[in-house]
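What follows is a single structure, written as structure tokens, with notes after it.
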Amino acid sequence: MPVRLPRRPAVFSRRGTSRRRAVTTAVTTVLVGGTFAGLLSVTTAPDSSAAASVPLPSRAPAETPVKVRGVEAPVGADGASVVQIVAHPDDDLFFMNPDTSQSIHSGNPLTSVYLTSGESDGVNARPRDAAGAQPDKAGYAEARQNGIRAAYAEMATGSRTSLWDRVAIPTAGGATAELDILRAKPHVKLVWLQLREAGATNGDRPESLNGLWHGRISALASQRASGTPVAADFSYTKEQVVATVTGILERFRPTFVRMQDPTSGKVAGTDRYQDHQDHLYGARFVQAALARYAELPGHPRVGVQNYLGYPTSVLPHTLDPETADAKLKTLKTYAWMDGVNDCGTLAGCGDLKVAARPAGRGWAQTIRYARGTSTSWVQRDRDGGLHAFSVLDGRLATWRKATGTAAWRGPVLLPGGGLDSGVTSALLPDGRLAVFGTRTTLGAGPADYRREVVTAEQTATGGGFGPWRSLGTPERDDAEGTSDISAPAVTVGPDGRATLVLRDSAHRLVAREQGADGLWGPWRTLGGADVHGDPVAATDATGRGYVFASTPTTVLAWAALSPGGPPAGPVRTGLPPTTLALSASAAPGGEGVRLWFRKPASNDLRTADFSGPGLMSPMRELAGGVAGFGPVSGAMGGSTGGSVGGSRGSASVGGDGMLAVRSRTGVLATAPLARGATRPTWRLERFLFSGAPDAGTDGVAAIGLDGRLHWTPADR
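Numbering-wise, the UniProt record's numbering puts 231 at position 231 of the sequence shown, and it's gapless, one number per residue.
Right, dumping it as structure tokens:
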């Protein structure tokens, strides 16, 4: 029978602590050369600001990729180093998995950082068993640590009891944190900062990250777990928290950071957060640390991915059953479902509060990126060259592949920081390129926090980019909606005038239109209700713009009534629910646009063509084969250039087009896209990537977790 021990502070060393070996507090990250099947090298321009980055390892000879259907290729270590920072123990398991497990299996360094101890009310029990239990916050914090260690050990080694070496390390904030290293897989590490949590999603709790951010308290105290090697209590000021997280980044030198959503919004008509206040304000501390880290010389360039938390509860599931089951298995290990004490501590071997509902509120069936889902970040210029855009160190990173060459040059980082992950690009009628995104300004005080739309354009065809220009925000202030706006979508008319569309914190679409004089008009409401995710846009061969946005039940459409005109709508398309991640491109043959999306809780891909706001053809299904989640990027030969949404408008190369998705194991999957095909033949790469791929008829681009641009040509 399961052994259930009384809840009281542990007073003896636990397994993995009493026998721990002396380990150095200086952590060295070893970069291991990997192989990428069928990919061309990305060269760095001599004048690139990336030249100061830590050099990445050389490639081993490329292996021949395997064409498979339903079977995933392995991921190899590739020089990436990932740090993920969350507010509570289990936020990573609920909201970042399967990305977390994929990083573990890649062999690349992965460090998970927990800002608070997650001590809650101090009772480690299912709700039905909690009556009369005595609070023990240190013990409950330890139980959650034990659950996380078991979950990570099981993901990495198959055994939840695999041993950890635990040591106290000094922090840049002047205190001490706990570092755990998985002995059998030392590339897997955990860092516990052990600050107090708020203890309530929305309650008025000044003693919290929220209160510290807003200056309601001068310092936030620690909540040490029982059994931790951290010997003394401490407290951090706001500045010390930022310094501590910055120091963690300096220590582990990531190329990629996973974090929670710092602008997750409020419940409509209320002052209540949609997400946990610790999630939101913990993420803002991480933002501040990343901004500071970006200014330090000599570190690897860093990409960032944000994850949606509690708001996923009301949205369609994104994971196929097999992936969801694996995620749930890890959560059950964390939750100590069997009650067997195999961790050698009285505090407990996991989080029994989660045991009452290990899937959360649908969280085990879902993972959803809050930003970075654009599939329109590559554009072709008038000379036939390709340009790619991403965000590294909060700055716009640009790559270029000249016509007739195989290699890309870059990245070159543009001046101006604070950019959020995920940008979209457009080709203007005069041949210049424009980039649109959002930027976060932290400001001197909490009231100065602001997220706004920005754009930069080439000063001349083929030339450099001018300064960033702010297009503002439809939000009145941060306090009202926590700056909850989507990434922008853009259409450009034949006369060069642009229409910029985004979702606001009221979950409707709003737009700004550019006049003939180049000036931008005021924000106006396009309508729609219960819109989630990022809208997408595309322009057809006639110059007529289209905009699409998802709700939990269907897709809404807006379409210009004439070339270059403003979008009219919304129109309910009649499409079934999607996973919210949409992409759009000009349809083949020059008439209308094609919308790509996924069937919820499935491995199937779907597509539909539109002419005006109405369906031009019935929705079609493509058996997915490689499952996965996130946007589907597709381009067909015969599309016209200059559209926003992934189509780069070249003649068909190596087939009628290309299709690209994230597979079940997180690696890039590409397939030739022939007209009328219903079952793609997938080819799997061997690297994990960030955001979404961008497919054109000539090839597929993706940004790896190592910060490199990876290119899969269509004719290989």
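By construction, the Cβ of each residue, glycine as well, lies at the ideal position given by its N, Cα and C atoms.
Reference residue i, options the options, closest by Cα
{"i": "residue 98", "options": "109, 327, 88, 275", "result": "327"}
{"i": "residue 399", "options": "464, 363, 268, 352", "result": "464"}
{"i": "residue 468", "options": "458, 474, 610, 477", "result": "458"}
{"i": "residue 382", "options": "363, 237, 365, 403", "result": "403"}
{"i": "residue 556", "options": "543, 566, 564, 529", "result": "529"}
{"i": "residue 359", "options": "461, 377, 344, 334", "result": "334"}
{"i": "residue 324", "options": "85, 345, 362", "result": "362"}
{"i": "residue 151", "options": "173, 573, 188, 504", "result": "188"}
{"i": "residue 182", "options": "414, 535, 167", "result": "167"}
{"i": "residue 114", "options": "141, 669, 673", "result": "141"}
{"i": "residue 242", "options": "193, 274, 206", "result": "193"}
{"i": "residue 314", "options": "338, 607, 267", "result": "267"}
{"i": "residue 198", "options": "191, 217, 180", "result": "217"}
{"i": "residue 511", "options": "568, 135, 542", "result": "568"}
Check whether residue i and residue j have beta carbons under 8 Å apart
{"i": "residue 260", "j": "residue 309", "result": "yes"}
{"i": "residue 421", "j": "residue 287", "result": "no"}
{"i": "residue 396", "j": "residue 419", "result": "yes"}
{"i": "residue 682", "j": "residue 634", "result": "no"}
{"i": "residue 375", "j": "residue 600", "result": "no"}
{"i": "residue 473", "j": "residue 485", "result": "yes"}
{"i": "residue 602", "j": "residue 594", "result": "no"}
{"i": "residue 709", "j": "residue 690", "result": "no"}
{"i": "residue 278", "j": "residue 116", "result": "yes"}
{"i": "residue 330", "j": "residue 366", "result": "no"}
{"i": "residue 280", "j": "residue 254", "result": "no"}
{"i": "residue 717", "j": "residue 389", "result": "An answer regarding residue 717 cannot be provided, because it is not within the stretch 1 to 716 covered by the chain."}
{"i": "residue 688", "j": "residue 80", "result": "yes"}
{"i": "residue 78", "j": "residue 108", "result": "yes"}
{"i": "residue 527", "j": "residue 537", "result": "no"}
{"i": "residue 156", "j": "residue 185", "result": "yes"}
{"i": "residue 582", "j": "residue 611", "result": "no"}
{"i": "residue 700", "j": "residue 668", "result": "yes"}
{"i": "residue 209", "j": "residue 282", "result": "yes"}
{"i": "residue 408", "j": "residue 711", "result": "yes"}
{"i": "residue 666", "j": "residue 102", "result": "yes"}
{"i": "residue 502", "j": "residue 533", "result": "no"}
{"i": "residue 111", "j": "residue 86", "result": "no"}
{"i": "residue 235", "j": "residue 220", "result": "yes"}
{"i": "residue 143", "j": "residue 339", "result": "no"}
{"i": "residue 256", "j": "residue 303", "result": "yes"}
{"i": "residue 146", "j": "residue 347", "result": "yes"}
{"i": "residue 215", "j": "residue 446", "result": "yes"}
Supposed contact pair residue j and residue i - C-beta distance, whole angstroms, cut 8 Å
{"i": "residue 433", "j": "residue 455", "result": "Not a contact, Cβ separation roughly 11 Å."}
{"i": "residue 176", "j": "residue 230", "result": "5 Å"}
{"i": "residue 577", "j": "residue 552", "result": "6 Å"}
{"i": "residue 429", "j": "residue 494", "result": "6 Å"}
{"i": "residue 547", "j": "residue 535", "result": "6 Å"}
{"i": "residue 481", "j": "residue 265", "result": "6 Å"}
{"i": "residue 284", "j": "residue 213", "result": "6 Å"}
{"i": "residue 294", "j": "residue 132", "result": "Between residue 132 and residue 294 the Cβ distance is about 51 Å, and since that is not below 8 Å, they are no contact."}
{"i": "residue 575", "j": "residue 661", "result": "The Cβ separation is near 19 Å, so there is no contact."}
{"i": "residue 679", "j": "residue 622", "result": "7 Å"}
{"i": "residue 196", "j": "residue 178", "result": "Contact doesn't hold; Cβ gap of about 16 Å is too wide."}
DSSP bridge partner residues for residue i (one or two, in chain order)
{"i": "residue 512", "result": "500"}
{"i": "residue 452", "result": "439"}
{"i": "residue 401", "result": "386"}
{"i": "residue 712", "result": "700"}
{"i": "residue 281", "result": "According to DSSP, which records beta bridges pairwise, residue 281 is partnered with nothing at all."}
{"i": "residue 266", "result": "273"}
{"i": "residue 306", "result": "259"}
{"i": "residue 235", "result": "221"}
{"i": "residue 633", "result": "660"}
{"i": "residue 491", "result": "499"}
{"i": "residue 527", "result": "509"}
{"i": "residue 689", "result": "704"}
{"i": "residue 670", "result": "660, 683"}
Cutoff 8 Å: residue i Cβ touching any chain B Cβ
{"i": "residue 499", "result": "Protein chains in the displayed structure number just one, and chain B is not present."}
Residue i: CB within 7 Å of a non-hydrogen atom of the ligand FMN
{"i": "residue 687", "result": "Looking for the ligand FMN in the displayed structure turns up nothing, as the structure carries no ligands at all."}
### Task
Please go through the segment 148-229 and give each complete beta strand (DSSP E) segment of 3 or more residues, from N-terminal end onward.
As far as the segment 148-229 is concerned, its whole beta strand (DSSP E) runs of at least 3 residues are 164-170, 176-182, 188-195.
### Task
Kindly provide the ranges of any beta strand (DSSP E) runs that are 3 or more residues long and lie completely inside the segment 101-149, ordered along the chain.
Taken in chain order, the complete beta strand (DSSP E) segments of 3 or more residues contained in the segment 101-149 are 110-116.
### Message
Ignoring anything shorter than 4 residues, give me the alpha helix (DSSP H) runs that lie fully in the segment 586-614, in order along the chain.
### Response
Within the segment 586-614, no alpha helix (DSSP H) run of at least 4 residues lies entirely inside it.
### Message
Could you tell me which whole alpha helix (DSSP H) segments of length 4 or greater appear in the segment 289-338?
### Response
Taken in chain order, the whole alpha helix (DSSP H) runs of length 4 or more contained in the segment 289-338 are 321-334.
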